[in-house]
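Chains A and B, in that order, are what the protein sequence lines are. Here our numbering = 1-based position in the first sequence + 13. Here our numbering = 1-based position in the second sequence + 185. Glycine residues also receive a C-beta, built at the ideal position from the N, C-alpha and C atoms. Quantities reported herein were computed from a predicted structural model and do not represent experimental measurements. Step one of this worksheet: look at the structure below.
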Amino acid sequence: MYLNTLLEVRDLRVYFYTYAGVVRAVDGVSFSVRKGEILCIVGETGCGKSVMSRALTRMVKPPGRIVSGEVLFDGIDLLKLPEKELKKIRGREISYVYQDPGSVLDPLYTAGFHVAETVLTHNSSMKFNEVWGKAIRIFREVLIPDPEAKAKSYPHELSGGMKQRVVIATAIANTPKLIIADEPTTALDVTVQAQVMELIRSLKNKYNSSVMLITHNLGVVAEVCDRVIVMYAGKIVEVALVEELFTNPLHPYTQGLLEAVPNPLRKVERLRSIHGSVPNMIDLPEGCRFNPRCPHKLQLCNKEPELVEYSKDHLVSCWLYKR
Amino acid sequence: MIRRALTFIPTIVGVLILTFVISHVIPADPARLWAGGVKARPEIIELMREKYHLNLPIHEQLVLYIRDVFTGNWRESPMTKRPVLVDLAEYFPATAELAIVAGLIQIALGIPLGLLAALKRDTPVDHLIRVLALIGVSAPAFWLAIALQWIFYYSLGLLPATSRGIPPSQTYTGLYIFDSLLTGDWNALVINLRHIALPSLTLAFTGLGIIARVVRNTTLDVLSSEFMDFAEARGLSGAKFYRHVVKNSSIPIVTIAGLEFGMLLSGAIVIETVFSWPGIGLYAVNAINSLDYPAIMGSTLLISLIFIAVNFIVDIAYAIIDPRVRL
């Protein structure tokens, strides 16, 4: 473990036991989050990014179950912590920003109330008017204009971007060490997306928190991330620093992803799509899960590759780089 | 709010027109009946026709009636020879009492049962409550009433089967149980509670299951909503967490409780007949049997007015609970 490691995940597995069969949504994922970094998790819809992020604080609902793994946060394994202790960590040490700000706020309570109760939950000695004052200060910090009035507004009276700022306000309310932002800009207008990303970045710097950013937008990745994890069908296929990933992508899936979008660092003649589609999560291909779609398929690919270090800070799970 | 209240006037007029037409198109000669039957003297029959405007065309009768109702004259019942309003004032408290007690039973049992089913989702407890709901909806009320009478009165001799009990030494509202409590007349209270037990249970049972199901489903809906997921992610627990569940699920529950209260009032007609409960239902049934137009119209109008009032209260409750609703 690095000295500057905030969170370390080892061999995390989350399975969903459905009528159709067992869905191995997260299947043996190991990585770490460093202090003060923005770590991006990229991958297609349904590859297990969101489930993985929620499993970190054990927020997996039946039929899903965390089958194995360790999540070490400040040296404590969150997966073994009693629920009561875990509740003190959620929203205080580790906070979340969800995708759709339109549905994560309770429509019957004011915007300010959400922030105030999040503070109050973790600081029960505070009085409500103190907490309300704090909520308004936080509103000012997330650049909500006219915070006093907006705090008294109900979610339906606010725009999408404004609601996402309120959600971010709840996330930073207790100055957490880790903010997990699950596609925070997907539901927003393009013009607002950049503002929200910039806000997350500046708040991270201010509080010296770490951010785990889940996205499928490679533009966002290139713009704000320090390090990137690429996931495919419940597994990590590549981990790299952001410049390294864009200049020297190793895994055929990563290469495919980068060829599918305009690359700011490389001139591409024409965009290409990745052949085939994401495998059925119940009936996964044997060996490397990408092998049915892979242009460089080898004999070895019927066996499962391990995530190994290719160079410093660059890990890949592919037989092509087997030394 | 006032605009909302004003929309009730057309509803009331509509109710009046419908019941008026339905009751008056019956091919019968009420005047003869009111005057005393087959042997009635022609001049008395003519007097009756004159008094109740029966010799006018039906649309003119209707206009006259609506005008009278809105000026507070609900006519005189030809059978009881008293103003309908006086009759209603006498009979209505019994129905109100029955409906209120049945409503309280529905809420007191339906909400906990629904919550239990939601928390024990897909377990035998949940299934049992579902079956109970189905029985409540499908069992005819008169059958259930007779079955309960048979068990608790005829077989076990535990509870009285008919009538309303006794008024306490002083009556203020006409609600015997409430008045017994006010005057501290414990003897009357016990007697009245024993008398209301069977009719109110029967009446409550039909809607009980529906309320339990609605509570179950809304609670599950709210619990699986994204904002509850996010509430969990914010670390909320205990009362802070469940406050969101309760407030959000109360919206559909208020709706169904309001509708069910309306059902209680109309259901009371059957129940009151079986249990000889001297309420507005029994009064209406007697009125129908004797073609007592003013009494039929009066009781229908009163029940409609209460239904509308309950709906209005539900609307106000919405506006209080949900900031998105504006009256």
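Same chain only: Cβ atoms within 6 Å of B/Leu405, ignoring 5 sequence neighbours per side: Ala303
Could you tell me the alpha carbon to alpha carbon distance between A/Val9 and A/Gly56, rounded to whole angstroms? Past the boundaries of the shown model lies residue 9 of chain A; chain A is included only from 14 to 336, so the question cannot be answered.
Minimum Cβ-Cβ distance from A/Glu130 to chain B less than 8 Å: yes
Beta-carbon of A/Tyr30 versus every beta-carbon of chain B: anything under 8 Å? no
Measuring CA to CA, which of B/Ile381, B/Ala274 and B/Arg398 is closest to B/Ile314? B/Arg398
Reduced DSSP category for B/Pro268 - H, G, I as helix; E, B as strand; rest coil: strand
Does the beta carbon of A/Thr260 sit closer than 8 Å to a beta carbon anywhere in chain B? no
Using the beta-carbon count (16 or more within 10 Å), is B/Pro242 buried or exposed? exposed
Between which residues of its own chain and B/Ala274 is the CB-CB distance below 6 Å, once the five residues before and five after are set aside? none
Cβ closer than 9 Å: which chain B residues qualify as neighbours of A/Arg71? Per Cβ cutoff of 9 Å: no residues; A/Arg71 is ~10 Å from chain B at best.
According to DSSP, A/Val54 sits in a beta bridge with which residue or residues? First, the amino acid is wrong: residue 54 of chain A is Ile here, not Val. Bridge partners of A/Ile54: A/Ile227 and A/Ile242.
How should B/Leu393 be labelled, buried or exposed, when 16 other C-beta atoms within 10 angstroms of its C-beta is the threshold for buried? buried
Which chain A residues sit within Cβ distance under 7 Å of B/Ser422? Lys100
Specify whether the stretch 61-76 of chain A and the stretch 36-49 of chain A touch according to this definition: at least 3 beta carbon pairs, one from each stretch, less than 8 Å apart. yes
Name the DSSP bridge partner or partners of A/Asp90? A/Leu85
Quick check on A/Glu319: does DSSP put it in helix, strand or coil? coil
With DSSP collapsed to three states, give me the class of A/Met14. With a pLDDT of 43 at A/Met14, under the threshold of 50, the predicted position of this residue should be treated as unreliable, though the coordinate-derived value follows. DSSP places A/Met14 in coil when its eight states are reduced to three.
Nearest to B/Glu411 by alpha carbon, out of A/Cys307, A/Ser116, A/Pro76 and A/Gln268? A/Ser116
Suppose contacts are defined by Cβ-Cβ distances below 8 Å. Is B/Leu283 in contact with B/Trp462 by that definition? yes
B/Lys266 at chain A interface by Cβ criterion, 8 Å: no
Would you kindly report the start and end of the unbroken alpha helix (DSSP H) that includes B/Ser489? Tyr478 to Ile506
For chain A, find out if any of its Cβ atoms is closer than 8 Å to the Cβ of B/Ile506; answer yes or no. yes
Taking only beta carbons into account, state which residues of the stretch 99-122 of chain A come closer than 8 Å to chain B, listed in chain order. Lys100, Lys101, Ile102, Arg103, Gly104, Arg105, Ser108, Tyr109, Tyr111, Asp113, Ser116, Val117, Leu118, Asp119, Pro120, Leu121 and Tyr122
Could you tell me the alpha carbon to alpha carbon distance between A/Met14 and A/Ile192, rounded to whole angstroms? With a pLDDT of 43 at A/Met14, under the threshold of 50, the modelled position of that residue is not reliable, and the figure given next carries that caveat. Each residue's alpha carbon lies about 21 Å from the other.
Taking the alpha helix (DSSP H) that A/Val110 falls in, what are its first and last residues? That residue, A/Val110, is in no alpha helix (DSSP H); its beta strand (DSSP E) goes Ile107 to Val110.
Chain B beta carbons: is any one of them nearer than 8 Å to that of A/His229? no
Can you tell me where the alpha helix (DSSP H) holding A/Gly173 begins and where it ends? Gly173 to Ile185
Judging by CA-CA distance, which residue of B/Met413, B/Gly443 and B/Gly447 is the nearest neighbour of B/Lys432? B/Met413
Look up B/Thr192 in the DSSP assignment and say whether it is helix, strand or coil. coil
Among A/Glu251, A/Glu272 and A/Ile287, which residue has its Cα nearest to the Cα of A/Cys331? A/Glu251
Since A/Thr188 meets chain B, which of its residues come closer than 7 Å, beta carbon to beta carbon? Result: empty, since nearest Cβ-Cβ is about 14 Å, beyond 7 Å.
Chain-ordered neighbours of A/Thr183 on chain B, where CB pairs are closer than 7 Å: Arg419
Given a threshold of 16 other Cβ atoms within 10 Å of its Cβ, counted over all protein chains shown, does A/Phe29 qualify as buried or as exposed? buried
My parser needs the beta strand (DSSP E) runs of 3 or more residues fully inside the stretch 328-391 of chain B; what are they? none
Which residues mark the beginning and the end of the alpha helix (DSSP H) in which A/Glu96 is found? Glu96 to Ile102
List, in order along the chain, the chain A residues whose C-beta lies closer than 9 Å to that of B/Met433? For the sequence presented, residue 433 of chain B should be read as Asn rather than Met. Here the neighbours are Asp119, Pro120 and Leu121.
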